Amino acid sequence: MLDLGGKTAIVTGAGQGIGREISLLLAEHGADIAAVDINVDASAETASLVKGKGRDSLALKCDVSDSKDVDGCITKIVDWKGAVHILVNNAGITRDNILLRMNDSEWHSVLNVNLTGTFNLTRAVSKYMIRQRFGRIVNISSVIGIMGNAGQSNYAASKAGIIGLTRSVAKELAGRNVTANAIAPGFIETPMTASLGEDRKKMMMDMIPLGRFGTGKDVANVVLFLVSDLGSYVTGQVINCDGGMIMA
Ligand code: NAP
């Protein structure tokens, strides 16, 4: 049920952190991986790790917020394997600031990468998924998109937007056997969270019933479930992967 042999998966933000873990886990289960990242050296490293697991991999430099760049990237991936079966929209950034100090650039850059980037990739691959009557789309949201967080209004809005986008896509594409789901990770130890101060980390830890921070692998495991046959009857859902931070 977890066999992804013969499937091609696109993972954005694949160069490090959660995206790399997702790429490696899907490869371990047989998928070939298009590792997409704005940092091509990082995605090349992920691609080489995927190849070390015996799967094929293509590293691509792409800014997910740029629709022309995305369309070109998807064309290259389809030329490479002839099909796209799995899309994981994982690329994301933070530009934290309190509301009164948040400038236009901080607002727009986060919305453009996190939300518009997810839209750009989803629109570009959906035509192939519709034609082949199979597709699995997983969007990485965040607990912050559900709870909100002081100092992260841009990030929270982008991650809440991903949930609305996911449910709409799920409804539009269900008739063609394309599922779309979101994962809302809590605090995951990656380069994105490494620079947070000890006070903030302690505050987060106090909110986690399971008593530990998450790993990229914890999130990758949920992706694997959703894109494999085990998750074939699940669509339009938001799955929290947060050690119990949110229970609703
Ligand atoms: P990360 O370590 O910062 O990795 C994100 C990757 O995305 C980096 O390689 C980054 O490249 C790349 N990227 C940034 N902007 C891009 C763009 N415009 N186009 C293509 N690639 C781009 O982050 P992470 O912690 O693994 O997070 C992955 C996802 O999970 C994000 O969507 C994040 O919001 C979400 N998430 C993370 C946590 C957490 O606690 N870590 C919690 C909830 C949700 P550069 O390094 O060159 O910028």
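At position 32 of the sequence shown the residue is numbered 493 (the numbering used here), and the sequence of numbers has no breaks. From the three backbone atoms N, C-alpha and C, an ideal C-beta is built for every residue, glycine too. From a predicted model like this one, the values you see are computed outputs, not experimental measurements.
For a test of your reading of the model: does the CB of residue i fall under 7 Å from any non-hydrogen atom of the ligand NAP? Yes or no.
i    : result
S656 : no
I471 : no
G612 : no
N478 : Just to set this straight, residue 478 is Gly in the shown sequence, not Asn. Flag set: Cβ of G478 near the ligand NAP.
A621 : no
N642 : no
M590 : no
G466 : no
A505 : no
V511 : no
S689 : no
V574 : yes
D557 : no
F580 : no
G704 : no
M653 : yes
G553 : yes
N500 : yes
F648 : yes
H534 : For the record, residue 534 in the displayed sequence is Cys; it is not His. No, Cβ of C534 sits at least 7 Å from all heavy atoms of the ligand NAP.
Could you give the first and the last residue of the continuous alpha helix (DSSP H) run that contains residue i?
i    : result
C534 : S528 to K542
D660 : E659 to M666
R628 : S614 to L634
I479 : G478 to E489
K468 : Here K468 belongs to no alpha helix (DSSP H), and DSSP marks it neither H nor E.
N682 : G677 to V688
T640 : T640 -> not in any alpha helix (DSSP H); beta strand (DSSP E) instead, spanning V639 to P646.
D563 : Before going on, a small fix: residue 563 reads as Met here, not Asp. Looking at the DSSP string, M563 is not in any alpha helix (DSSP H), and its letter there is neither H nor E.
P652 : P652 to A655
Can you tell me whether residue i is buried or exposed, with buried defined as 16 or more other CB within 10 angstroms of its CB?
i    : result
N575 : buried
T696 : buried
A635 : exposed
D498 : buried
E633 : exposed
E659 : exposed
G606 : buried
G625 : exposed
A655 : exposed
Y694 : exposed
What does residue i pair with, by DSSP beta-bridge criteria?
i    : result
A503 : DSSP output for A503 lists no bridge partner at all.
K522 : D498
L548 : I471 and I598
D493 : T469
N701 : A645
N558 : Q613
Determine, for residue i, whether the minimum Cβ-Cβ distance to residues of chain C falls below 8 Å.
i    : result
L485 : Among the protein chains of the structure shown there is no chain C, as only one such chain exists.
Does the beta carbon of residue i fall short of 7 Å from some heavy atom of the ligand MN?
i    : result
D532 : For the ligand MN, the structure offers nothing, since it holds only the ligand NAP.
| Complete alpha helix (DSSP H) runs within the region 570 to 606 (minimum length 4 residues, chain order) | 578 to 593
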